[in-house]
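Trainee:
Residue numbers (our numbering), protein chains in the order written: chain A, 407 to 759; chain B, 407 to 759; chain C, 407 to 759; chain D, 407 to 759.
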């Protein structure tokens, strides 16, 4: 019962088969291969718009490189206080952007609101003594399992575009957001104001399956240089292209995400049935957050359930009691359904004791 | 007949099989998986010394990260003027090192000599107005197809260690050097003064198969932070570990390199037989450099031979005539022998006309 | 009545006279002049310990350069949320440190406490996904007019040294702290655990009078390179040395600070007499913070009082009402006493109406 | 007889008097004072064009900040191989530009030629594996005492503008160039294609008297942020503004430069009369370069002449013999004429022995 992360699971068979199929003959290298070109075309098709897409090897690099195209070194990037780019990437965004300031905002129920951004920007009253507000970065689905709707994103976009800021989405779990909202990918990206995104597939069936996708293609000028300088230009690039093609082909990415989201829903509902457990956040996508009694937590662990405890900061003051623990469960398309069922059974059993 | 680069060929079947074999069940992520650990152990065995090894995704990142552990931001790194880190990585070493200066030295027959380094360091007479000499980086085998012998490396080491500088090897084609010299890997690394290396396998059968290997393990302190900050910590790290294990297992890496070097020798000898062609550099490893009449070059291209022309700077003034061209052929273990033979035949045929 | 900042006033006559006196004959340049050397010696005398002192031109550069000697690019520096290095220097600390993360902590009554640091460090649970905790930087006297006592500093030092972190003081208004506490400079620096400081005199009588002073002289290794790289090595350095010497000579620096602190006390007491004004923070040094009714504020401005309004964040939720304003008054040795008295009179007059 | 550098001399009395005169009352700080504004206006007048001018404290910072507005982090800046920005500023340009590559070109008689630039740019054939050619920076007058004429600059501009590169002048000794050529300042700057310059006055009578001057004012967008981030925004900025005003007032800057250039000419002519001394470079401005027999050099030193020996690289192979030395003499408006005459006498005396 491994719910620690969606990255503990492997490569989807179709993605692996695509790597295998690409492994014949010679191919142009360093991004000039046909697979990479076709992956870009396919992403354009998926988003219903001509995009520029650059394959890279990690989500961290995708975020850092994308932000480097949006902020100068003297700029500020606003993120959620628990965003990956804010607290999970060492000082990688600072490296890629040449020292921009990443400012973590407190969200309401795990999401940034226009009001929070406006309040923050009002504090930028020191002229050049402050960094220049350059970009907003949201994660969709968020690190707290929430999903930004098209309306959410448009409202955020209105605030940042009024300040001539750019808008980025970290899509490490983008498929889960699209599947949860049942919208077209365009609806929660460029049609709502997103300029560039980190399109992640590694967590959802890839091996190293990440791309920086530009909807505002003017911003992609010189991005080839940025990727190279970032140490992210892979010589045998055909294998990144092949992964992306297999991932998008026949909507594999969305099928996987729907399975993962379904598992999460099943698990969340089971947790809700227990009066010893609280779910402080809605389960929009494939992550479930819960407050458990520590004794229950110990029993679950003993029974073989793997998951991480989480910083309770987002719950605000008095969020958890001393004998409680705040935890996160992540579900994958590859999570064995029997593991979900076993866990559901455990919850029932242990909650009643 | 593709002699453009060794990276135009694919993944060795054994390496691909290892990726496939690793694709079952769950695994710890972000470098804490068993495969990564075993890859480090295996590298220790290969080098006959306990090393610290960190898997990354590109040779460019391996170089930049390795150098970042050797030079402060106010330091200087000496390299050959045609070293990858000097002229083929955009400003990536500058990014990873926080702005260190990469100084390209002219080599003698494609190799840096102690005398050149001493002359360069003698020019550092401005105190803090100069950067601090921090490291020497050599490529072995070199970008010009030469190989540094243990004696070469020891001589260089003596010069740089006397200045308290560190010593790095870019081993993008390290296997070719080991195979060419028929030495133990330790002989041209730590036993001759190398502190850290970029151990590359991508060109020689891998998919993304690169590691930063520390022989001076004190220098590896905090390298986990550096790799993470560098955007090079892969979530599904088991697949990098599995590649490295397969690559080293049963000396696959050296077997591949021997084949590639053999192809290069065969091709070089054929070229030498033509009185219309000059080979200005010895063919030590798997790269062959030649000066051809342009008319011959055109015929070879027309006959389907792919290879790159090269900057003739290394040949010095008057190196090539107006009707000549300086070119590079790279051979791989995967280059079809029939392609080599066909090219050899072409040379004979075209040289006699 | 200019209480906007202590930097709106000029150069103290003795400091200016020293510049004038230094202006004869030739002198070694770029920091190798006698004045710079003697300034270092004098600082050693002032601190009762052999220090390494490097003259620079701005407090921002002093902070950035000092921090660059304490944190790697993948490190984190903890500061107060309103520290100059956190919110008033654009992304300068990020530039000098190569991208370290500056983390602003909430203080209690304007000062960081050991408990806040411990809580923050407890959140660093992600291994290399977090930056490495590298240094704590406090400002003494603080940006909120408070002073850290020797006991305060020792308590903070205990926490950070236990984590092998380094300890920096931004002393832009250091003289005011020393004067307020009536201690020897050593007491609130190296004897309490400070490793390096930004020693500022510009606000207290200098023209460009700033130094980075190392108490832990091992940390100063290579600082000559850092200063040069930072664009802070002045060619005609004798004029910086001469300023520092004049500033320290005969305790001019402390005499000035005592006058400024006295003015602040006088002003604070006058404000306290009004039942329409609240002073949410003690007036330890030369800055006074007050909450005023907006109508009173308007009258003061109309009467010719210059001062800045301030972010009320430090006051916590509900800190000020809609019809109130939070403001800062800064006093200088050069503030004309009649301006202080006139303002005191205004307060009495306007408060009673 | 101090000919070591023009920065060994002090502040011109008029500049010092201006500092003194500015030292009354309060003034806006951080660049918003009247002196800074008037200095910008005066520079516009001097250049016959509305410029944006930003006062900073060192020439190194001026260069780094100016270049940061011209090159992205993945760009390349071409300079002369002996340019200050290339070899005398540690890695400062790399810091300010976020890691751009500074490429030193060999000049012909101390000056870069269009042909050298074209040859260099022809080597940029690797696409994004090379940095992006972003800017050319020349020093006028050069570090080798030469002067670029309007025609020289226009010819260089044609080459770089054709590549969409920007054009910078390091004007650490700009006054000497203007005086030597007897042209209007506009002729060797914006009218010949210069986009931005480092306007230096410290060597020619200032204390800290440096400005970044934008002729292409669009490039100045956000420069306030760059200066602040660079640690170069001085709080008591009025004293920088006052220096600049005094320096430009009544053409003090050009008068000083003419005196310095005249001294240099006198000294060069004396050296030429000796058949034991060679002057490998014309003496265009205030620097004289000479090849002396070491025995003569020793005698000059013994007689009290101070000057630096210089790297003979610029002289090409076989430039100096083993018993010779290559040296530089720098003359200032403040060099006592009797020192010049004494040296001239020494040369005569020693050459005839």
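Glycine included, C-beta positions come from ideal geometry on N, C-alpha and C.
Quick one: is residue 758 (chain B) buried, meaning 16 or more other Cβ sit within 10 Å of its Cβ, or exposed?
Mentor: On the second chain, position 352 is the one that residue 758 (chain B) refers to. So residue 758 (chain B) counts as exposed.
Trainee: Which residues in chain D have a C-beta closer than 9 Å to the C-beta of residue 360 (chain B)? List them in chain order.
Mentor: The requested residue 360 (chain B) does not occur in the structure, where chain B is confined to residues 407 to 759.
Trainee: For residue 478 (chain B), return the contacting residues in chain C, with the cut-off set at a CB-CB distance below 8 Å.
Mentor: Taking the first residue of the second chain as position 1, residue 478 (chain B) is located at position 72. Within 8 Å Cβ-Cβ: 628, 631.
Trainee: Going by the DSSP bridge assignment, what does residue 688 (chain B) pair with across the sheet?
Mentor: Counting from 1 along the second chain, the entry for residue 688 (chain B) is found at position 282. According to DSSP, residue 688 (chain B) bridges with nothing at all.
Trainee: Bridge partners for residue 523 (chain A) per DSSP, in chain order?
Mentor: Along the first chain, one-based indexing puts residue 523 (chain A) at 117. Answer is none; residue 523 (chain A) lacks a bridge partner.
Trainee: Could you please tell me which residues of the stretch 522-550 of chain A, in chain order, have their CB closer than 9 Å to any CB of chain F?
Mentor: Considering every chain present, this structure includes no chain F. Its protein chains are A, B, C and D.
Trainee: If residue 574 (chain D) and residue 472 (chain D) are in contact, beta carbons under 8 Å, what's the gap, nearest whole angstrom?
Mentor: Walking along the fourth chain from the start, residue 574 (chain D) turns up at place 168. Walking along the fourth chain from the start, residue 472 (chain D) turns up at place 66. Rounded, the Cβ-Cβ distance is 6 Å, consistent with contact.
Trainee: Give me, in chain order, the residues of the same chain whose beta-carbon lies closer than 7 Å to that of residue 687 (chain D); leave out the 5 immediate sequence neighbours on both sides.
Mentor: Looking up residue 687 (chain D) in the fourth chain gives position 281. Closer than 7 Å at the Cβ level, and outside the excluded window around residue 687 (chain D), lie 515, 516, 550, 551, 552, 695.
Trainee: Where does residue 719 (chain A) land, buried or exposed, given buried means 16+ other C-beta within 10 angstroms?
Mentor: As a position in the first chain, residue 719 (chain A) is number 313, starting the count at 1. Exposed.
Trainee: Is residue 690 (chain C) buried or exposed, if buried means 16 or more other CB atoms sit within 10 Å of its CB?
Mentor: Against the third chain, residue 690 (chain C) aligns to sequence position 284. Buried is the call here.
Trainee: What are the boundary residues of the beta strand (DSSP E) that includes residue 495 (chain B)?
Mentor: As a working mapping, residue 495 (chain B) is identified with position 89 in the second chain. Element bounds for residue 495 (chain B): n/a, residue is neither H nor E.
Trainee: Identify, in the order they occur along the chain, each residue of the same chain with its Cβ nearer than 8 Å to the Cβ of residue 710 (chain A), setting aside the five sequence neighbours on each side.
Mentor: Within the first chain, numbered from 1, the residue matching residue 710 (chain A) stands at position 304. Closer than 8 Å at the Cβ level, and outside the excluded window around residue 710 (chain A), lie 407.
Trainee: Could you list which residues in chain D have their beta carbon closer than 8 Å to that of residue 634 (chain A), in chain order?
Mentor: Translated into positions along the first chain, residue 634 (chain A) becomes position 228. Chain D residues near residue 634 (chain A): 480, 534, 535.
Trainee: Could you give the distance in angstroms between the alpha-carbon of residue 665 (chain D) and the alpha-carbon of residue 739 (chain D)?
Mentor: As a working mapping, residue 665 (chain D) is identified with position 259 in the fourth chain. As a working mapping, residue 739 (chain D) is identified with position 333 in the fourth chain. So the alpha carbons of these two residues sit roughly 5 Å apart.
Trainee: Exposed or buried, which one is residue 531 (chain D) when buried takes at least 16 other CB atoms within 10 Å?
Mentor: As a first step, residue 531 (chain D) is located in the fourth chain; it is residue number 125 there, counting from the start. By the 10 Å Cβ count, residue 531 (chain D) comes out exposed.
Trainee: When Cβ atoms are compared, which residues of the stretch 499-517 of chain D fall closer than 7 Å to chain A?
Mentor: Against chain A - using a Cβ distance shorter than 7 Å - the residues of the stretch 499-517 of chain D are 504.
Trainee: Name the residues in the stretch 483-499 of chain B whose C-beta lies less than 8 Å from a C-beta of chain D; which are they?
Mentor: Result list: 493, 494, 495, 496, 497.
Trainee: Expressed to the nearest angstrom, what Euclidean distance is found between the alpha-carbon atoms of residue 500 (chain A) and residue 632 (chain A)?
Mentor: The sequence position of residue 500 (chain A) within the first chain is 94, counting from 1. The sequence position of residue 632 (chain A) within the first chain is 226, counting from 1. The straight-line gap from Cα to Cα measures roughly 14 Å.
Trainee: Should residue 474 (chain C) be flagged as near chain D, meaning a C-beta pair shorter than 8 Å?
Mentor: Within the third chain, residue 474 (chain C) is the residue found at index 68, counting from 1. Not closer than 8 Å to any Cβ of chain D, the Cβ of residue 474 (chain C) fails to qualify, so no.
Trainee: My output table needs one value for residue 750 (chain C): the three-state DSSP class, helix, strand or coil.
Mentor: Along the third chain, one-based indexing puts residue 750 (chain C) at 344. Looking at residue 750 (chain C) - three-state DSSP - the assignment turns out to be helix.
Trainee: If distances are taken between C-alpha atoms only, which option among C:616, C:579, C:571 comes closest to residue 601 (chain C)?
Mentor: Against the third chain, residue 601 (chain C) aligns to sequence position 195. When each option's Cα is compared against that of residue 601 (chain C), the closest is C:571.
Trainee: Per DSSP, what kind of secondary structure is residue 712 (chain A) in: helix, strand or coil?
Mentor: The sequence position of residue 712 (chain A) within the first chain is 306, counting from 1. It is a strand residue.
Trainee: Should residue 426 (chain A) be flagged as near chain B, meaning a C-beta pair shorter than 8 Å?
Mentor: Taking the first residue of the first chain as 1, we reach residue 426 (chain A) at position 20. Yes, its Cβ sits closer than 8 Å to a Cβ of chain B.
Trainee: Do residue 649 (chain C) and residue 637 (chain D) have their CB atoms nearer than 8 Å?
Mentor: Here residue 649 (chain C) refers to the residue found at position 243 of the third chain. Here residue 637 (chain D) refers to the residue found at position 231 of the fourth chain. In this structure, residue 637 (chain D) does not lie closer than 8 Å to residue 649 (chain C) by Cβ.
Trainee: So, helix, strand or coil for residue 427 (chain B), using DSSP?
Mentor: Start at 1 with the first residue of the second chain, and residue 427 (chain B) comes out as number 21. Correct three-state label for residue 427 (chain B): helix.
Trainee: Go ahead and pull the three-state DSSP assignment for residue 575 (chain B).
Mentor: On the second chain, residue 575 (chain B) is found 169 positions in, with the first residue counted as 1. Residue state, collapsed to three classes: strand.
Trainee: If we define contact as Cβ-Cβ less than 8 Å, is residue 571 (chain A) a contact residue for chain C?
Mentor: Sequence index remark: in the first chain, residue 571 (chain A) carries index 165 (1-based). False, the Cβ-Cβ gap to chain C never drops below 8 Å.
Trainee: Scan the stretch 699-728 of chain A for residues whose Cβ lies nearer than 8 Å to a Cβ of chain C and list them as they occur along the chain.
Mentor: Hits within the stretch, in order: 717, 719.
Trainee: Heavy atom of the ligand COA less than 7 Å from the Cβ of residue 732 (chain D), yes or no?
Mentor: Questions concerning the ligand COA fall outside what the structure shown contains, since it holds no ligand whatsoever.
Trainee: For residue 517 (chain A), which three-state DSSP category applies?
Mentor: On the first chain, position 111 is the one that residue 517 (chain A) refers to. The answer is strand: DSSP assigns residue 517 (chain A) an E or B state.
Trainee: Thinking C-beta only, is residue 663 (chain D) closer than 8 Å to residue 540 (chain D)?
Mentor: Reading the fourth chain from its first residue, position 134 is the one you call residue 540 (chain D). Reading the fourth chain from its first residue, position 257 is the one you call residue 663 (chain D). The answer is no: Cβ separation not under 8 Å.
Trainee: Quick one, are the C-beta atoms of residue 641 (chain D) and residue 608 (chain C) less than 8 Å apart?
Mentor: Taking the first residue of the fourth chain as 1, we reach residue 641 (chain D) at position 235. Taking the first residue of the third chain as 1, we reach residue 608 (chain C) at position 202. Contact flag set, yes.
Trainee: How about the stretch 666-674 of chain C and the stretch 723-742 of chain C: do they share at least three Cβ pairs that are nearer than 8 Å?
Mentor: The stretch 666-674 of chain C, when compared against the stretch 723-742 of chain C, does touch it at the 8 Å Cβ threshold.
Trainee: When DSSP labels each residue in this structure, what does residue 442 (chain D) get in the three-state scheme?
Mentor: The residue you call residue 442 (chain D) lines up with position 36 of the fourth chain. Of the three classes helix, strand and coil, the one that applies to residue 442 (chain D) here is helix, per DSSP.
Trainee: Residue 675 (chain C): buried (16+ other C-beta within 10 angstroms of its C-beta) or exposed?
Mentor: Working through the third chain from its first residue, we reach residue 675 (chain C) at position 269. That one is exposed.
Trainee: Between the C-alpha atoms of residue 660 (chain B) and residue 418 (chain B), what's the straight-line distance to the nearest angstrom?
Mentor: Reading the second chain from its first residue, position 254 is the one you call residue 660 (chain B). Reading the second chain from its first residue, position 12 is the one you call residue 418 (chain B). Roughly 13 Å separates the two Cα atoms.
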